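J.: The numbers in the sequence shown follow our numbering, run straight up by one, and end at 460.
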Amino acid sequence: MKRVYNFSAGPAMLAEEVLQKAADEILDYENHGMSVMEMSHRGKEFLQIAEETEADLRELMKIPANYKVLFLQGGATGQFAAIPMNLSAPGEKADYIMTGLWGKKAVKEAGKYLDVNVAAQSEPFNTVPEQKSWKLSDNPAYVHITSNETINGVAFNYTPEVEAPLVADISSMILSEPLDVSKYGVLYAGAQKNIGPAGLTIVIVREDLLGKAREDTPMIWNWSEKSVSGSMLNTPPTYSWYIAGLVCKWLKSKGGVEGIAKVNKRKAEKLYTAIDESDFYKNEVDMQYRSKMNVVFTLPDPELDKAFKEQAYARGLKNLGGHRSIGGMRASIYNAMPEEGVDELIKFMKEFESKNG
Ligand SMILES: *Cc1c(COP(=O)(O)O)cnc(C)c1O
104 MKRVYNFSAG
114 PAMLAEEVLQ
124 KAADEILDYE
134 NHGMSVMEMS
144 HRGKEFLQIA
154 EETEADLREL
164 MKIPANYKVL
174 FLQGGATGQF
184 AAIPMNLSAP
194 GEKADYIMTG
204 LWGKKAVKEA
214 GKYLDVNVAA
224 QSEPFNTVPE
234 QKSWKLSDNP
244 AYVHITSNET
254 INGVAFNYTP
264 EVEAPLVADI
274 SSMILSEPLD
284 VSKYGVLYAG
294 AQKNIGPAGL
304 TIVIVREDLL
314 GKAREDTPMI
324 WNWSEKSVSG
334 SMLNTPPTYS
344 WYIAGLVCKW
354 LKSKGGVEGI
364 AKVNKRKAEK
374 LYTAIDESDF
384 YKNEVDMQYR
394 SKMNVVFTLP
404 DPELDKAFKE
414 QAYARGLKNL
424 GGHRSIGGMR
434 ASIYNAMPEE
444 GVDELIKFMK
454 EFESKNG
């Protein structure tokens, strides 16, 4: 068996140690004679996994005590609707900062529930507008940002200061670098980029923002009801929750978020340097807002894309194609991508350039 370097944006690579531990426990979890997949979510074995995962996540992200952590389903996309339902009344306004295609989707979905003001946007999405250029409304229910735009490879390098609760989609940067949770009202993330398998969605919400949901909010989208039930109003995604727990333990063994952030910085810097030093590859994102998780680049001629992907694939460098909406290439280099994977990619890029440049 040979594992490859998988540059997919999500579902994405998981650390080998995590998969090995899951494999060791697949038939018999800690002498219970069954897999975690087969356990009742209300049994004491699973409750212990659930509590430990939350405790580890809180420790890794330094989540203050006045925040609730919810383990939900429906993806970040489900939260695009849940956010306005939980934080606003019909007819109220919210401000959105649109810095990429995920933010654009969030705007569209929220528009079904409230009056959306796009306070700033940067289409074709290769930068983040400076905060002083934002046209915020008077008294919005909240201000929404997408901290890292997975498709466009654009990321905030600062935390905005706003009066209304700040809501951030951190799907593709959660746990990748330190983040001051206390600056936010709500943080949310689909798990399949940097936390674990698909099927789990994390929502971190400040307690004073609970209890404001619209009356017709479906109970599974109601953060307060979910919180009161310990995210067990109905069956949660138990196995994804368990794997997320293994990922948290793995991350702790790597020096936590601070430790992995150093590696992430190095990985991104060397890949961008390789791109910038060549006349062949190009990245058009404003340097200071380049994503450390999703590195997008183009070749001089799109005709070469197919050969690049095929030859990379043959070398065990997989899923380098850009998102179908923008084309080009994208290397997603989340926490679980080893530094050697980035080194191999750079080596391959140089060889490809010398043959085709
Ligand atoms: C992947 C992604 C989403 C969509 O996540 P789902 O879990 O598939 O709904 C939303 N926002 C960002 C920033 C993403 O990277």
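Where is the CB? At the ideal position from N, CA and C, for every residue including glycine.
Only a predicted model underlies this, so the values are computations on that prediction, with no experimental measurement involved.
#1: In chain order, what residues of the same chain have a beta carbon less than 6 Å from the beta carbon of residue 113, not counting five sequence neighbours either side?
#2: Kindly list the residues whose CB is nearer than 7 Å to the CB of residue 366, restricted to its own chain and excluding five residues on each side of it in sequence; keep chain order.
#3: If you measure from the CB of residue 113, is any heavy atom of ligand 1 nearer than 7 Å?
#4: Do you know whose CA, among 241, 240, 229, lies nearest residue 394's CA?
#5: Using the Cβ count rule (16 or more neighbours within 10 Å means buried), how would you classify residue 341?
#6: For residue 261, does the three-state DSSP call read helix, strand or coil?
#7: So the candidates are 174, 161, 314, 131; which of them puts its Cα closest to the Cα of residue 336?
#8: For residue 271, which beta-bridge partners are listed by DSSP?
#9: So if I measure from each beta-carbon to every heavy atom of ligand 1 and keep distances below 6 Å, which residues remain?
#10: Taking only three categories from DSSP, how would you classify residue 295?
#11: Here's the rule I'm using: 16 or more other beta-carbon atoms within 10 Å means buried, otherwise exposed. How should residue 417 be labelled?
#12: Would residue 344 and residue 303 be called neighbours here (beta carbons separated by less than 8 Å)?
#13: Does the beta-carbon of residue 320 have 16 or more other beta-carbons within 10 angstroms, so that it is buried, or is it exposed?
#14: In angstroms with no decimal places, state the Cα-to-Cα distance between residue 234 and residue 383.
#15: Measuring only the C-alpha atoms, how far is residue 244 from residue 180?
#16: Closest to residue 428 by CA distance: which of 358, 447, 254, 377 is it?
#17: Quick check on this structure: which residue in 338, 413, 389, 458 has the alpha carbon closest to the alpha carbon of residue 146?
#18: Of all the options 438, 134, 143, which has the alpha carbon lying nearest to the alpha carbon of residue 362?
#19: Along the chain, where does the beta strand (DSSP E) that runs through residue 461 open and close?
#20: If you check the beta carbons only, do residue 316 and residue 374 fall under 8 Å apart?
#21: Please say whether residue 299 and residue 178 have beta carbons closer to each other than 8 Å?
#22: For residue 276, which option in 169, 326, 421, 260 has the closest C-alpha, if you only look at C-alpha atoms?
#23: Can you name the residues that DSSP bridges to residue 220?
#24: Which residues in the same chain as residue 381 place their Cβ atom closer than 7 Å to its Cβ, once the five residues preceding and following it in sequence are excluded?
#25: Could you tell me which of 155, 214, 157, 198 sits nearest to residue 184, measuring between CA atoms?
#26: Between which residues of its own chain and residue 272 is the CB-CB distance below 8 Å, once the five residues before and five after are set aside?
#27: For residue 228, which of helix, strand or coil comes out of DSSP?
#28: Ordered along the chain, which non-local residues of its own chain (more than five positions away) have a Cβ less than 7 Å from that of residue 219?
#29: Output the boundary residues of the alpha helix (DSSP H) element that contains residue 452.
T.: Here's the rundown:
#1: Counting from 1 along the sequence shown, the entry for residue 113 is found at position 10. Closer than 6 Å at the Cβ level, and outside the excluded window around residue 113, lie 295, 296.
#2: One-based indexing of the sequence shown puts residue 366 at position 263. Answer for residue 366: 442, listed in chain order.
#3: By one-based count along the sequence shown, residue 113 stands at place 10. It does: the Cβ of residue 113 is within 7 Å (strictly closer) of some heavy atom of ligand 1.
#4: Walking along the sequence shown from the start, residue 394 turns up at place 291. Looking at the Cα atoms, 229 is the closest of the given residues.
#5: For the purposes of this step, residue 341 is taken as the residue at position 238 of the sequence shown. Its Cβ being crowded by 16 or more others within 10 Å, residue 341 is buried.
#6: Numbered from its first residue, the sequence shown carries residue 261 at position 158. Reduced to three states, the DSSP call for residue 261 is coil.
#7: By one-based count along the sequence shown, residue 336 stands at place 233. Here the closest residue by C-alpha is 174.
#8: Here residue 271 corresponds to residue number 168 of the sequence shown, with the count starting at 1. Looking at the DSSP assignment, residue 271 forms a beta bridge with 248, 290.
#9: 113, 178, 179, 180, 205, 249, 253, 272, 274, 275, 293, 296
#10: Here the question's residue 295 lines up with position 192 in the sequence shown. It is coil, neither helix nor strand.
#11: In the sequence shown, residue 417 corresponds to position 314, counting from 1. Its Cβ having fewer than 16 others within 10 Å, residue 417 is exposed.
#12: To locate residue 344, count along the sequence shown from 1; it is residue 241. To locate residue 303, count along the sequence shown from 1; it is residue 200. In contact: residue 344 and residue 303 (Cβ atoms closer than 8 Å).
#13: Walking along the sequence shown from the start, residue 320 turns up at place 217. Residue 320 is buried by the Cβ-count criterion.
#14: Taking the first residue of the sequence shown as position 1, residue 234 is located at position 131. Taking the first residue of the sequence shown as position 1, residue 383 is located at position 280. Answer to the nearest angstrom: the Cα atoms are 34 Å apart.
#15: Within the sequence shown, residue 244 is the residue found at index 141, counting from 1. Within the sequence shown, residue 180 is the residue found at index 77, counting from 1. Using only the alpha carbons, I get a separation of about 19 Å.
#16: The residue you call residue 428 lines up with position 325 of the sequence shown. Nearest of 358, 447, 254, 377 to residue 428, Cα basis: 254.
#17: Here residue 146 refers to the residue found at position 43 when the sequence shown is read from its first residue. For residue 146, the nearest C-alpha among the options comes from 338.
#18: Working through the sequence shown from its first residue, we reach residue 362 at position 259. Of the candidates 438, 134, 143, the one whose C-alpha sits nearest the C-alpha of residue 362 is 438.
#19: In the structure displayed, the chain extends from 104 to 460; residue 461 sits before or after that span and is not available.
#20: Locating residue 316 in the sequence shown gives position 213, counting from the first residue. Locating residue 374 in the sequence shown gives position 271, counting from the first residue. No, the pair does not count as a contact, with Cβ atoms beyond the cut-off.
#21: Taking the sequence shown and counting its residues from 1, the one referred to as residue 178 is at position 75. Taking the sequence shown and counting its residues from 1, the one referred to as residue 299 is at position 196. Against a cut-off of 8 Å, the Cβ pair of residue 299 and residue 178 comes out as no contact.
#22: Counting from one through the sequence shown, the residue named residue 276 turns up at place 173. Considering only alpha carbons, the answer is 260.
#23: The residue given as residue 220 occupies position 117 in the sequence shown. 198.
#24: Your numbering for residue 381 matches position 278 in the sequence shown. Excluding positions up to five away in sequence, the list reads 456.
#25: Position 81 of the sequence shown holds residue 184. Considering only alpha carbons, the answer is 214.
#26: As a working mapping, residue 272 is identified with position 169 in the sequence shown. The answer, listed in chain order, is 179, 182, 205, 206, 209, 247, 248, 249, 250, 291, 292.
#27: As a first step, residue 228 must be located in the sequence shown, where it is residue number 125. Here residue 228 sits in coil by DSSP.
#28: One-based indexing of the sequence shown puts residue 219 at position 116. Only 197, 199, 210, 213 meet the Cβ criterion.
#29: Here residue 452 corresponds to residue number 349 of the sequence shown, with the count starting at 1. Start and end: 442-459.
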